[in-house]
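Participant:
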Amino acid sequence: MNSNNDATKQHGSMGPGDRWARAALRPWHRPLYLPLEAPQRMAYRLRGNPEGTAWLLLHGGPGGRCQPGMLAPLNLARHWAIAPDQRGCGDSRPQGRTARNHTQALVADLEALRGHLGLERWSILAGSWGTVLALAYAQSHPERVERLVLRGAFALRRREVGGLLQRVRASGKTMRLTPASWPTAPGTSLPALLSRLRQLLQTGTPAVASLRAARRWAWLESLDAERGLRRALVHAAARHPESASALRGAWASLRRGARQRAAAFHRPAGRDDEALQRKYRVQAHYLLHRGFVRPGELDRAVRTLAQRGAPVAWVHGRCDAICPPGNSRGWAALGQRLAPGSASLTMPLSGHLGHEPLMLAALRREVCGA
1387 MNSNNDATKQ HGSMGPGDRW ARAALRPWHR PLYLPLEAPQ RMAYRLRGNP EGTAWLLLHG
1447 GPGGRCQPGM LAPLNLARHW AIAPDQRGCG DSRPQGRTAR NHTQALVADL EALRGHLGLE
1507 RWSILAGSWG TVLALAYAQS HPERVERLVL RGAFALRRRE VGGLLQRVRA SGKTMRLTPA
1567 SWPTAPGTSL PALLSRLRQL LQTGTPAVAS LRAARRWAWL ESLDAERGLR RALVHAAARH
1627 PESASALRGA WASLRRGARQ RAAAFHRPAG RDDEALQRKY RVQAHYLLHR GFVRPGELDR
1687 AVRTLAQRGA PVAWVHGRCD AICPPGNSRG WAALGQRLAP GSASLTMPLS GHLGHEPLML
1747 AALRREVCGA
């Protein structure tokens, strides 16, 4: 059990069967807000059983937002899901703001949220960029972490970021889009490209250049997500035919999404484009500064968790085309070497995304034990 009873004593006569339980039943699009230092306000959502095990959900990006699908690995009859939108992201205010937006500020925001909810400790379920934030939080507040389930770990290495943004493909479709939509010439260094992208995306209303840059960035991400799942499908068809049918449907959905992004590339700006621009403004800001994480800091966080005996389950798709599986493999080995039994590694036949069928099944086993 968590200490939610202690939390609610600070809010008049409302107990966990009252205030927090009502919040946990709100529609997804209606967040609660936690005031931070002005003008920051963190949007967060509560779902599930307020008397159950508390799970902090950390979204990817940087610049992403929490989505209802992130609840899928949990058993909401036994778990209490806490899903914040990180500073400048999603429904948090001000949206898309990069001033005073860095990883230690995000860590402080999470600690403020924990205190606000009155939790002594919580477990963390994080994916992609969220694994960086989870490790940073655990390094700063290891006594507050019960256990972690980390999917598709991101190591912030230049080859990971450059592999997405500087990739050159022979595809005719890619080559047609590149000259019109990317802000620098081929061969430009990654820092120069990220600096130019951040500059372009600072404008509040999408201009032609910034609109095309944000759309192309989103399209490249969807291509790599689809590419990873396609690899998994090819592998499954040859060696694990029992898994192929589930993967085929998920891959077809990703493929349609990538095609729709490509088809909409030259359309006039729509209602979703400002949100897309805000997302990649924050992402360019963080990637340009290597996530505001010092070299070796993620390794130190893994060591800290191992030394304290905090269990860490690393879950990484074997065919992940966005974050190399070697990230999780190396950190799991490090944790296990320092504290045998404290770290585990699961590598389902999947790509990068948490909702892919075999990835989701693996996450459910780690979170729910079934």
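Start counting the sequence shown at 1387; every next residue gets the next number (the working numbering).
Idealized CB from N, CA, C, for every residue including glycine.
If you follow the alpha helix (DSSP H) that L1432 is part of, which residue opens it and which one closes it?
Facilitator: Where L1432 is concerned, there is no enclosing alpha helix (DSSP H), although the beta strand (DSSP E) it sits in stretches over R1427 to G1434.
Participant: Leaving out five residues on either side along the sequence, give the residues of the same chain with a beta carbon under 6 Å from the beta carbon of Q1472.
Facilitator: So the qualifying residues of the chain are L1492.
Participant: Which residues in the same chain have their Cβ closer than 7 Å to the Cβ of T1564, if we skip the five residues on either side of it in sequence?
Facilitator: With a pLDDT of 45 at T1564, under the threshold of 50, the modelled position of that residue is not reliable, and no figure is offered here.
Participant: Return the first residue and the last residue of the beta strand (DSSP E) that W1700 is part of.
Facilitator: Where W1700 is concerned, the enclosing beta strand (DSSP E) stretches over V1698 to V1701.
Participant: Between which residues of its own chain and L1422 is the CB-CB distance below 7 Å, once the five residues before and five after are set aside?
Facilitator: If we look at L1422 and ignore the five residues flanking it on each side, its Cβ neighbours are M1428, D1495 and A1498.
Participant: Considering only their Cβ atoms, is the gap separating A1522 from Q1490 smaller than 9 Å?
Facilitator: Yes; because the gap between Cβ atoms is below 9 Å, this pair is in contact.
Participant: Whole angstroms are fine: how far does the CA of P1697 sit from the CA of A1599?
Facilitator: Approximately 40 Å between the Cα atoms of the pair.
Participant: Mapping the DSSP letters down to three states, classify E1612 as helix, strand or coil.
Facilitator: Helix at E1612.
Participant: With a threshold of 16 other CB atoms inside 10 Å of the CB of A1458, please say whether the residue is buried or exposed.
Facilitator: Exposed, because fewer than 16 other Cβ atoms sit within 10 Å of the Cβ of A1458.
Participant: Quick one: is the Cβ of S1526 within less than 8 Å of any heavy atom of the ligand ATP?
Facilitator: No copy of the ligand ATP occurs in the structure displayed, which carries no ligand at all.
Participant: Assuming contact is defined by CB atoms lying nearer than 9 Å, are W1637 and R1616 in contact in what I supplied?
Facilitator: Contact flag set, yes.
Participant: To the nearest angstrom, how far is the alpha carbon of H1738 from that of R1751?
Facilitator: Cα to Cα, the separation comes out at about 17 Å.
Participant: Report all residues from its chain with a CB closer than 6 Å to the CB of T1690; omit the five preceding and five following residues, and keep chain order.
Facilitator: Result list for T1690: Q1525 and P1528, in chain order.
Participant: Let me know if L1575 comes out buried or exposed under the rule of 16 or more other beta-carbons within 10 Å of its beta-carbon.
Facilitator: Note on residue identity: the sequence assigns Ser, not Leu, to residue 1575. Classification for S1575: exposed.
Participant: Take the Cβ of H1415 as the centre, count every other Cβ of all protein chains shown within 10 Å, and call the residue buried at 16 or more, exposed below.
Facilitator: By the 10 Å Cβ count, H1415 comes out exposed.
Participant: How is S1514 classed by DSSP in three states: helix, strand or coil?
Facilitator: Residue state, collapsed to three classes: coil.
Participant: Of the choices L1609, L1633 and L1542, whose alpha-carbon is the least far from that of A1648?
Facilitator: It is L1609.
Participant: Assess contact between the segment 1475-1485 and the segment 1668-1684, defined as three or more Cβ pairs (one per stretch) separated by less than 8 Å. Is contact present?
Facilitator: Touching, yes.
Participant: Hey, would you say G1474 sits closer than 9 Å to G1449, going by beta carbons?
Facilitator: Contact flag set, yes.
Participant: Pull up the CB-CB distance for A1707 and G1614, whole angstroms please, since I reckon it's below 8 Å.
Facilitator: So it is a contact: roughly 4 Å between Cβ atoms.
Participant: Helix, strand or coil: how does DSSP classify W1637 here?
Facilitator: Three-state DSSP puts W1637 in a helix.
Participant: Going by CA-CA distance only, name the one from A1747, A1718, H1702 and W1717 that's closest to G1538.
Facilitator: Comparing Cα-Cα distances from G1538 to each of A1747, A1718, H1702 and W1717, the minimum goes to H1702.
Participant: Under three-state DSSP, which class holds S1629?
Facilitator: Note: S1629 maps to helix in three-state DSSP.
Participant: Which class does A1748 belong to by DSSP, given the choice of helix, strand or coil?
Facilitator: Of the three classes helix, strand and coil, the one that applies to A1748 here is helix, per DSSP.
Participant: How many Å lie between A1630 and R1664 at the Cα?
Facilitator: About 37 Å.
Participant: Buried or exposed: where does L1639 fall if 16 or more other Cβ atoms within 10 Å of its Cβ makes it buried?
Facilitator: Per the sequence presented here, residue 1639 reads as Ser, with Leu not at that position. With fewer than 16 other Cβ atoms within 10 Å, it is exposed.
Participant: What does the alpha-carbon distance come out to for the pair A1440 and G1677?
Facilitator: Going from the Cα of A1440 to the Cα of G1677 covers about 26 Å.
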